[in-house]
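Written out below as structure tokens is the structure these notes cover.
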Amino acid sequence: MRESKQYSRRQLFTQFARPPVKQPQLMISNICDNLYGYCESCIDSCPEQAMIWYADKKPIINIEKCTRCLKCIDACFISAITITDES
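Whatever position you read off the sequence shown (first residue = 1), add 11 for the working numbering.
So, in structure tokens, the structure goes:
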């Protein structure tokens, strides 16, 4: 026989009643100038070093390190970095 798990009132009303909060994600589009190998403005602006740099393709954002300070968006002069609502 399976035992039932006991929950406190606080858990029932706070933890289970609210849906999890989705964090906005940052995405780098394919218009990124790094495809040509000369722009590093987003990487230089990131205080958490959350950008992973590749020599032959666009950079990738490490979502575990990213604090969503949005400094990379301000630094990108061609607006290749955007915010999405997906998590």
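By construction, the Cβ of each residue, glycine as well, lies at the ideal position given by its N, Cα and C atoms. On a predicted model such as this, the values are computed, not experimentally measured, just so you know.
For this session: Evaluate the contact criterion for the region 51–64 versus the region 77–86: three or more CB pairs, one atom per stretch, below 8 Å.
Result: Yes, the region 51–64 touches the region 77–86.
For this session: Return the first residue and the last residue of the alpha helix (DSSP H) that residue 94 is part of.
Result: Here the question's residue 94 lines up with position 83 in the sequence shown. No alpha helix (DSSP H) contains residue 94, which is instead part of the beta strand (DSSP E) from 92–95.
Exercise. Whose C-beta lies closer than 6 Å to the C-beta of residue 43 among residues of the same chain, with five residues either side of it excluded?
Worked result: Taking the sequence shown and counting its residues from 1, the one referred to as residue 43 is at position 32. Contacts found: 69, 91.
For this session: Out of 35, 21, 89, state which residue places its alpha-carbon closest to the alpha-carbon of residue 74.
Result: Here residue 74 is taken as the residue at index 63 of the sequence shown, counted from 1. The candidate whose alpha carbon is nearest that of residue 74 is 35.
Exercise. Can you name the start and end residues of the beta strand (DSSP E) that residue 163 belongs to?
Worked result: The first residue shown for the chain is 12 and the last is 98, placing residue 163 beyond what the model contains.
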